[in-house]
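Note that UniProt numbering has the sequence shown beginning at 1, numbered continuously upward.
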Amino acid sequence: MSTSVQASDRKERQFTGTSNASMRTNLNDKLTKLHVKHQAEIDFLEDMRSFSKQRSTIEREYSQNLLRLVQQFLAKRDIKDPPGISSMDRSENRGLMEIWKMLLQKTEEAARARMNVSEMLLSQVSEEMRQQKRIKEQSFKRLIESAQKMNSEILESVKELVTCKKTYGDHAKVCADARQKFTEAETRIRKGDRKLFESTQSLEKTYNKFAERLKQCQMKTTVARNDYLLAITTTNAHLYKHGSEDLPALMRAMDGEMYEKSRHVYMLYAQIEADAANLVKAQFEDLREQSYMVNRDYVVECFFHKNPVLRDRVEYRFEAHDKDSVISLSKDHGAEIYLEKDARKWAMRLAKHQESIEVFQKQIKGVKSVTSAYTKNPEFGTSEAFSEAQQKIAEMEESIREVAVKVTRAEARLAALREVGIDVGRWIEKAQEKVRGERPTSDISAGDRPVSSLLSVTQDLGASEEWLETSSMSSRSGFEDGMSIGSARSEAGPKHCVALYDYTAQRPDELSIKTDEELEVLEWDDGDGWSKGRNQSGLEGYFPQTYVRAVSPSSSPRSSSIQQVQLMINSHLTGPLQDLGSESLHQDVEILNGTGLSNGDTDTLTHIPSTNREVTGVTMLRALYEYTGDDEDELTFPEGAELELINTDEGVDDGFWRGRYQGREGMFPAVVVEIISNGMNHSSSFCESLTPILDSTLVSASPFTSPSPSSMGPSPVTLHDTTPITSSTHYTLSKLHPTSVQLNSAPRVRVQPNTPEGELERTWRNDSFEEYDDEEDEASYV
Numbered sequence: 001m002s003t004s005v006q007a008s009d010r011k012e013r014q015f016t017g018t019s020n021a022s023m024r025t026n027l028n029d030k031l032t033k034l035h036v037k038h039q040a041e042i043d044f045l046e047d048m049r050s051f052s053k054q055r056s057t058i059e060r061e062y063s064q065n066l067l068r069l070v071q072q073f074l075a076k077r078d079i080k081d082p083p084g085i086s087s088m089d090r091s092e093n094r095g096l097m098e099i100w101k102m103l104l105q106k107t108e109e110a111a112r113a114r115m116n117v118s119e120m121l122l123s124q125v126s127e128e129m130r131q132q133k134r135i136k137e138q139s140f141k142r143l144i145e146s147a148q149k150m151n152s153e154i155l156e157s158v159k160e161l162v163t164c165k166k167t168y169g170d171h172a173k174v175c176a177d178a179r180q181k182f183t184e185a186e187t188r189i190r191k192g193d194r195k196l197f198e199s200t201q202s203l204e205k206t207y208n209k210f211a212e213r214l215k216q217c218q219m220k221t222t223v224a225r226n227d228y229l230l231a232i233t234t235t236n237a238h239l240y241k242h243g244s245e246d247l248p249a250l251m252r253a254m255d256g257e258m259y260e261k262s263r264h265v266y267m268l269y270a271q272i273e274a275d276a277a278n279l280v281k282a283q284f285e286d287l288r289e290q291s292y293m294v295n296r297d298y299v300v301e302c303f304f305h306k307n308p309v310l311r312d313r314v315e316y317r318f319e320a321h322d323k324d325s326v327i328s329l330s331k332d333h334g335a336e337i338y339l340e341k342d343a344r345k346w347a348m349r350l351a352k353h354q355e356s357i358e359v360f361q362k363q364i365k366g367v368k369s370v371t372s373a374y375t376k377n378p379e380f381g382t383s384e385a386f387s388e389a390q391q392k393i394a395e396m397e398e399s400i401r402e403v404a405v406k407v408t409r410a411e412a413r414l415a416a417l418r419e420v421g422i423d424v425g426r427w428i429e430k431a432q433e434k435v436r437g438e439r440p441t442s443d444i445s446a447g448d449r450p451v452s453s454l455l456s457v458t459q460d461l462g463a464s465e466e467w468l469e470t471s472s473m474s475s476r477s478g479f480e481d482g483m484s485i486g487s488a489r490s491e492a493g494p495k496h497c498v499a500l501y502d503y504t505a506q507r508p509d510e511l512s513i514k515t516d517e518e519l520e521v522l523e524w525d526d527g528d529g530w531s532k533g534r535n536q537s538g539l540e541g542y543f544p545q546t547y548v549r550a551v552s553p554s555s556s557p558r559s560s561s562i563q564q565v566q567l568m569i570n571s572h573l574t575g576p577l578q579d580l581g582s583e584s585l586h587q588d589v590e591i592l593n594g595t596g597l598s599n600g601d602t603d604t605l606t607h608i609p610s611t612n613r614e615v616t617g618v619t620m621l622r623a624l625y626e627y628t629g630d631d632e633d634e635l636t637f638p639e640g641a642e643l644e645l646i647n648t649d650e651g652v653d654d655g656f657w658r659g660r661y662q663g664r665e666g667m668f669p670a671v672v673v674e675i676i677s678n679g680m681n682h683s684s685s686f687c688e689s690l691t692p693i694l695d696s697t698l699v700s701a702s703p704f705t706s707p708s709p710s711s712m713g714p715s716p717v718t719l720h721d722t723t724p725i726t727s728s729t730h731y732t733l734s735k736l737h738p739t740s741v742q743l744n745s746a747p748r749v750r751v752q753p754n755t756p757e758g759e760l761e762r763t764w765r766n767d768s769f770e771e772y773d774d775e776e777d778e779a780s781y782v
C-alpha cells in the first residue's frame with residue numbers, strides 16, 4: 001500500500017517539474033528569437049549606413065576627378081564662339097570645337113549633379129540609418145526587461161496551476177483509498193461475513209466509519225478538482241493574452257519607426273538617383289540635338305573667315321621682255337607647227353593619264369570587293385592582309401591624285417592651244433583611239449577581275465614610254481609586288497591547274513569540276529585550302545585545293561600529253577637510229593610543247609597497245625604527291641619519295657605502274673610520280689604503239705615557218721617519209737618549256753614540212769632543242 005503511494009508521488013513530482021521546465025524553455029526560445037530578429041535588423045541598418053557612406057565617398061571622388069578632367073581640357077585652349085557667316089544660318093550649323101566645348105560643359109554639369117548625389121547620400125540616407133540604429137538599440141534594452149517580466153508572470157501562473165494539480169491528485173488518491181475500504185465494509189455487511197469474536201454491531205460501526213470518511217474525501221476531492229480547473233482556465237487566458245496582445249505589442253515597440261524610416265530612405269535614394277539621371281539625360285539629349293547640326297562646310301567657312309590667306313590664290317602673269325607687245329600664244333613666224341606638235345604630245349599624255357585614272361579606279365573597286373568579302377567572311381583571310389590591302393588602296397588613291405594633277409595641267413595646256421586655233425579635239429580623239437587600241441583584248445573588265453588580274457591589266461596599260469613618265473608607276477610597282485588579301489592569290493601562285501577528282505559544288509559560290517578538267521586559277525591560297533578558278537565555259541567559283549594539281553602553262557593537260565609522248569620517245573629511242581626504221585614513224589609527228597593536243601588526247605595514251613616494256617636498267621621516279629595504297633598489291637609512299645620503276649604495265653593498260661619502294665614491290669598510279677633518271681631498254685614496237693598519238697597530235701597543229709637548216713644544229717640525221725599529207729595540214733615548231741622533263745642522253749624529235757608534195761623531214765639529235773633568237777621565229781613558237 002505504502003509502496004504504490006510513493007510511486008504515485010514520484011510521478012506527480014516528475015510531471016510538475018517537467019511542466020515548469022517546458023514552459024520556461026518555451027519562453028526562453030521566444031526571447032532568443034526576438035534577440036536574433038533585433039540583431040538582424042541592427043545589421044541591416046548598419047549595412048545601409050555603411051553602403052550609403054561608401055557610395056557617397058565614391059560619388060564625391062568621381063565627381064571631383066571628372067571636374068578636374070573637364071577643367072583641364074577647358075583650360076587647354078580658349079574656345080571662342082564661331083564668327084557669323086552671312087551665307088550660312090547660325091541656328092542650323094555648329095562647329096566641331098563648339099560642340100566640344102558644349103560636351104565639356106555638359107560633363108561638368110553631370111559631375112556637379114553627382115556631387116549633389118554624394119552629399120545627399122551622406123547627409124540624409126547614411127545619417128538616417130545611423131539614428132535608426134541608435135534608437136532601436138536603446139528601445140530593445142528597455143523592452144527586453146518588460147519581456148522578461150512577462151515571462152516571470154507566466155511562470156508564476158503556471159506554478160499555481162501545477163500546485164492545484166498536485167493538490168487535486170493527492171485528494172483523488174485518498175478518496176480512492178477510502179472508497180475501496182468503504183466498498184469492502186459494505187460487502188461484508190451484505191454477506192454477513194464476520195470474523196471470529198466479531199459482532200454484527202461492530203461490523204456496522206466499521207461500515208459507518210468508512211462511509212463518513214469516504215464522504216469527506218469526496219468533498220475535498222471535488223474542491224481540489226474545481227481549483228485545478230479554475231487554475232487551468234486562468235493560466236490559459238494569461239497565455240492567450242500574452243501571445244495575442246503582449247508579445248505583438250512588445251515586438252511593435254522594439255521595431256519602433258524603423259520600417260517607416262526605411263521606406264522613406266528607399267524612396268529618397270531612388271528620388272536622388274532619378275533626379276540626377278534626369279538632369280544628365282536632359283543635358284546630353286540637348287547635346288545630341290546640337291551634334292546633328294555639325295557641318296563641315298560651316299567649319300571650313302569659319303576657318304577661311306579667320307584665315308583669309310587661304311583664299312588668296314597666287315596667279316602668275318606674263319612678263320614681257322623689253323618691248324615685246326605679244327602677251328598670248330601666237331602662230332606667227334612658223335610657230336604653228338610646234339604648237340601642233342605640242343598639242344599632239346599633250347593630247348596623248350592626257351589620254352593616257354585619263355586611262356591611268358580609270359584603271360586605278362577599277363583596281364580600287366576590285367580590291368575593295370575582296371576586302372568586303374573578308375569583312376563578311378573573316379575566315380577567307382587575315383587581318384594583316386586586310387591592313388595591307390587598305391594600305392594599297394590608299395597608295396592607289398594617292399596615285400590617282402598625282403595623275404589628276406597632271407590631267408589638270410594637260411587640260412589647261414590644251415585649252416590654251418585651243419584658244420589660239422589649234423585643232424586640239426582632233427589630236428585628243430586620235431590619242432584616245434590609240435590608247436583604246438592598246439587595251440588588252442578581254443571581255444572582262446578590270447574592275448570585275450581578282451587582284452592578280454587587275455595587276456596584269458595595269459601592267460599592260462602602262463607599257464608605253466610616256467606612260468612610264470607618270471609618278472604613279474612607283475605606287476603601281478609597290479602594288480604589283482605581291483598584295484594578297486583573303487583568298488586572292490599572289491603573282492607567285494600558279495595560273496593553271498588540273499582537276500584530279502570530281503567535285504560537285506555545295507554552295508552558290510563554288511565551282512563543280514571534273515577529273516582532268518583544265519582550270520584557270522584566279523585566286524590561289526595556301527591558308528584555308530580553297531582556291532578560285534574559271535573553267536572553259538567561263539564559270540567561276542571556289543573548289544577544294546586538294547582536288548586539283550597546280551601546273552605551269554607547259555604542264556597543262558595539253559602539254560602533259562606531249563610530255564608523256566616525249567617521255568615515251570626518250571625511253572625507247574636510245575638505240576641506233578637505223579634500228580628504228582622509217583616504218584615505226586609512218587605518221588607525221590611533232591613532239592613539242594604547245595602543238596595543240598586536245599584535252600582528250602591524254603586518253604589516247606592509255607590506249608597504246610601493251611608491250612609489257614620490261615626495264616633492264618634502273619629508272620628512278622620521284623613522288624609528286626603522297627599516295628596510300630588501297631590493297632596489299634599497291635604501294636604506299638609520301639610526297640618526295642624515290643621509287644625504282646620495274647615496268648610500266650602488266651598486260652593491262654590501266655594507268656598503273658609497278659615499282660619498288662623501301663624493298664617492297666607494288667602498283668601505283670603513274671600520274672603521281674615523275675622520272676628523275678632513265679635506264680630503260682626499249683623495243684621498236686613502241687614506235688608502232690606511238691602512231692595513234694602522233695596522228696592525233698598533227699590534227700590541231702598550227703602554221704609554222706621553218707627555220708633555216710643551219711639553225712638546226714650540227715650534223716642532223718634526216719629521215720624522209722613519203723606518206724602524203726593534205727594541203728590543210730600545218731605544223732608548228734615550238735620551244736620546249738623549261739618545266740618539260742629532260743632525260744640525259746635521250747634523243748629529240750623535230751618534224752618539219754619539207755616539200756610542197758608533203759614529204760616530212762625528221763631531224764634526230766642527241767642534244768636538246770636550240771633556242772631561237774630571231775624575233776620572227778620566236779613569234780611562231782608562241
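All C-beta atoms, glycine included, are put in the ideal place defined by N, C-alpha and C. Predicted, not measured: the structure shown is a model, and the values here were computed from it.
Can you tell which of the options has the C-alpha that lies nearest to the C-alpha of residue i?
{"i": "W100", "options": "D78, F543 and M88", "result": "D78"}
{"i": "V424", "options": "V367, E379, A394 and E340", "result": "E340"}
{"i": "K366", "options": "V420, M23 and L522", "result": "Going by the sequence as given, residue 366 is Gly instead of Lys. Considering only alpha carbons, the answer is L522."}
{"i": "Q216", "options": "R225, A178, R188 and S202", "result": "A178"}
{"i": "F386", "options": "E395, S399, M396 and S372", "result": "S372"}
{"i": "R413", "options": "R311, R60 and W346", "result": "W346"}
{"i": "D227", "options": "G169, A111 and K149", "result": "G169"}
{"i": "T107", "options": "S677, E128 and F73", "result": "F73"}
Assuming residue i is part of the alpha helix (DSSP H), what are its boundary residues?
{"i": "G425", "result": "V424 to G437"}
{"i": "I364", "result": "E336 to K376"}
{"i": "L203", "result": "T200 to K241"}
{"i": "S330", "result": "Note, S330: premise wrong, no alpha helix (DSSP H); not H, not E."}
{"i": "D177", "result": "E127 to K191"}
Please report the straight-line C-alpha distance between residue i and residue j, rounded to a whole angstrom.
{"i": "K261", "j": "S152", "result": "34 angstroms"}
{"i": "N20", "j": "C164", "result": "14 angstroms"}
{"i": "K362", "j": "R349", "result": "20 angstroms"}
{"i": "E626", "j": "L645", "result": "17 angstroms"}
{"i": "A343", "j": "F318", "result": "21 angstroms"}
{"i": "E41", "j": "A277", "result": "31 angstroms"}
{"i": "T206", "j": "L155", "result": "46 angstroms"}
{"i": "Y269", "j": "L121", "result": "7 angstroms"}
{"i": "residue 819", "j": "R142", "result": "Here the chain covers residues 1 to 782 and nothing more, so residue 819 does not appear."}
{"i": "E98", "j": "W524", "result": "52 angstroms"}
List the residues that DSSP assigns as beta-bridge partners of residue i.
{"i": "I513", "result": "Y503"}
{"i": "G95", "result": "According to DSSP, G95 bridges with nothing at all."}
{"i": "P669", "result": "F656"}
{"i": "K532", "result": "E523 and Y542"}
{"i": "F303", "result": "DSSP, once it has assigned bridges, lists no residue as partnering F303."}
{"i": "Y62", "result": "Bridge partners of Y62: none, in fact."}
{"i": "E674", "result": "R622"}
{"i": "E634", "result": "M667"}
DSSP three-state call for residue i: helix, strand or coil?
{"i": "P544", "result": "strand"}
{"i": "H496", "result": "strand"}
{"i": "N20", "result": "helix"}
{"i": "L643", "result": "strand"}
{"i": "I272", "result": "helix"}
{"i": "residue 784", "result": "Here the chain covers residues 1 to 782 and nothing more, so residue 784 does not appear."}
{"i": "Y292", "result": "coil"}
{"i": "T408", "result": "helix"}
{"i": "R549", "result": "strand"}
{"i": "S685", "result": "Any reading at S685 must be qualified, since the residue scores a pLDDT of 40, below 50, and its modelled position is unreliable; the value itself is stated next. Reduced to three states, the DSSP call for S685 is helix."}
{"i": "M48", "result": "helix"}
{"i": "Y316", "result": "coil"}
{"i": "R413", "result": "helix"}
{"i": "A397", "result": "Residue identity check: residue 397 is Glu in the sequence provided, not Ala. E397 falls in the helix class under three-state DSSP."}
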